[in-house]
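Asker: Quick note on my numbering: the sequence shown kicks off at 2 and runs consecutively.
Pasting in a structure now, in structure tokens, and then I'll have a few things to ask.
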Amino acid sequence: MEYSNREDLIMPEYGRNIQRMVEHALTIESKEERTRCAKTIVASMGNLFPYLRDIEDFKHKLWDHLAIMSDFKLDIDYPYEICKRESLYTPPEQVPYKNSRIKYMHYGRIVQQAIEKAIEMPESEEKNHLIMLIASQMKKCFVAWNKDTVEDHKIFKDLSELSKGRINIAEDTMKLANPKDLFQNRNHNNKKNNNGKKGKR
Numbered sequence: 002m003e004y005s006n007r008e009d010l011i012m013p014e015y016g017r018n019i020q021r022m023v024e025h026a027l028t029i030e031s032k033e034e035r036t037r038c039a040k041t042i043v044a045s046m047g048n049l050f051p052y053l054r055d056i057e058d059f060k061h062k063l064w065d066h067l068a069i070m071s072d073f074k075l076d077i078d079y080p081y082e083i084c085k086r087e088s089l090y091t092p093p094e095q096v097p098y099k100n101s102r103i104k105y106m107h108y109g110r111i112v113q114q115a116i117e118k119a120i121e122m123p124e125s126e127e128k129n130h131l132i133m134l135i136a137s138q139m140k141k142c143f144v145a146w147n148k149d150t151v152e153d154h155k156i157f158k159d160l161s162e163l164s165k166g167r168i169n170i171a172e173d174t175m176k177l178a179n180p181k182d183l184f185q186n187r188n189h190n191n192k193k194n195n196n197g198k199k200g201k202r
């Protein structure tokens with residue numbers, strides 16, 4: 002039962018052999034020899050992740066990881082400024098979240114932001130096109146959440162409410178496509194494309 006008695010690895014992604022190499026480096030008396038050994042260890046660490054070699058600061062990260070695996074006890078000539086122990090336990094900055102509630106969750110915040118953008122735009126064909134896209138997206142969202150059909154007047158009513166009366170659409174001026182028809186056409190086209198690919202083989 003050797004495995005049950007083994008200590009946990011500080012950085013498991015490098016494996017136990019690398020950890021043992023680091024522990025061996027700590028026992029070397031000569032600083033010059035320790036530094037040479039450390040360079041060999043870092044080279045071995047890099048060989049485990051060859052696909053990361055082109056990433057900026059990759060080697061710097063390897064030396065940081067070497068210091069971490071030695072519990073910052075490895076006294077060598079580091080080629081980079083190594084991270085500090087205390088920085089490992091610094092809590093990340095809090096991500097700011099918007100506290101404003103969305104009245105209709107099924108439409109989402111992006112739709113609300115698009116509505117606000119449309120309100121700010123001057124009257125133009127571009128604005129009318131954006132409003133049509135917003136209404137179409139709202140209908141898709143409604144059907145995706147409710148799994149049922151929805152009349153256009155419901156979408157236009159919600160759009161007017163979300164825009165605080167700044168966007169009003171008369172039912173006889175715009176006709177929204179049925180999202181289910183769009184999904185069916187997409188599935189039909191995908192099947193045709195797949196069948197075409199099979200026939201070419």
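Note that CB positions come from ideal geometry on N, CA and C, so glycine has one too.
State the DSSP-derived secondary structure class of Ser31, mapped to helix, strand or coil.
Answerer: Here Ser31 sits in coil by DSSP.
Asker: Could you give the first and the last residue of the continuous alpha helix (DSSP H) run that contains Gln114?
Answerer: Gln114 -> alpha helix (DSSP H) spans Gly109 to Glu121.
Asker: Around the C-beta of His66, are 16 or more other C-beta atoms found within 10 angstroms, so that it is buried, or is it exposed?
Answerer: With 16 or more other Cβ atoms within 10 Å, it is buried.
Asker: Quick check: the region 115-123 against the region 65-81, are there 3 or more CB pairs under 8 angstroms?
Answerer: They do not touch, by the three-pair rule.
Asker: For Lys208, count neighbouring Cβ atoms within 10 angstroms of its own Cβ and tell me buried if that reaches 16, exposed if not.
Answerer: Residue coverage of the chain in this structure runs from 2 to 202, which leaves residue 208 outside it and unanswerable.
Asker: Exposed or buried, which one is Ile56 when buried takes at least 16 other CB atoms within 10 Å?
Answerer: Under this definition Ile56 is an exposed residue.
Asker: Express the C-alpha separation of Gln138 and Met70 in angstroms, rounding to a whole number.
Answerer: If I take the Cα positions, the gap works out to 51 angstroms.
Asker: Does DSSP put Tyr105 in a helix, in a strand, or in coil?
Answerer: It is coil, neither helix nor strand.
Asker: Which residues bound the alpha helix (DSSP H) around Leu163?
Answerer: Looking at the DSSP string, the run of the alpha helix (DSSP H) that includes Leu163 is Asp153 to Leu163.
Asker: Short of 8 angstroms in beta carbon distance, which residues of its chain neighbour Arg86, apart from the five on each side in sequence? Order them along the chain.
Answerer: Excluding sequence neighbours, Arg86 sits near Phe73.
Asker: Whole angstroms is fine: what's the gap from Cys84's alpha carbon to Met12's?
Answerer: So the alpha carbons of these two residues sit roughly 15 angstroms apart.
Asker: Which same chain residues, not among the five before or five after Cys142, have their C-beta less than 8 angstroms away from its C-beta?
Answerer: So the list reads His107, Tyr108, Gly109 and Val112, once near-sequence residues are dropped.
Asker: Within a Cβ cutoff of 6 angstroms, which residues of the same chain sit near Phe157, ignoring the five residues on either side of it in sequence?
Answerer: Cβ within range, chain order: Ile170.
Asker: Drop a sphere of 10 angstroms on the beta-carbon of Tyr15, count the other beta-carbons inside from all chains shown, and report buried for 16 or more, exposed for fewer.
Answerer: Label assigned to Tyr15: buried.
Asker: Please classify Asp9: is it buried, with 16 or more other beta-carbons within 10 angstroms of its beta-carbon, or exposed?
Answerer: Counting Cβ neighbours within 10 Å, Asp9 comes out exposed, since fewer than 16 surround it.
Asker: Kindly list the residues whose CB is nearer than 6 angstroms to the CB of Tyr4, restricted to its own chain and excluding five residues on each side of it in sequence; keep chain order.
Answerer: Confidence in Tyr4 is poor, its pLDDT being 46 and thus under 50, which makes the residue's placement unreliable; the coordinate value appears in the next sentence. Nothing meets the Cβ criterion.
Asker: Is DSSP giving Leu10 helix, strand or coil here?
Answerer: Note: Leu10 maps to coil in three-state DSSP.
Asker: Let's test the definition: count the other Cβ atoms within 10 Å of the Cβ of Leu134 and tell me whether it reaches 16, buried, or not, exposed.
Answerer: So Leu134 ends up on the exposed side.
Asker: According to DSSP, is Asn48 helix, strand or coil?
Answerer: It is helical.
Asker: Taking only the alpha-carbon atoms, compute the straight-line gap between Leu160 and Gly166 and give it to the nearest angstrom.
Answerer: Each residue's Cα considered, the two are about 8 angstroms apart.
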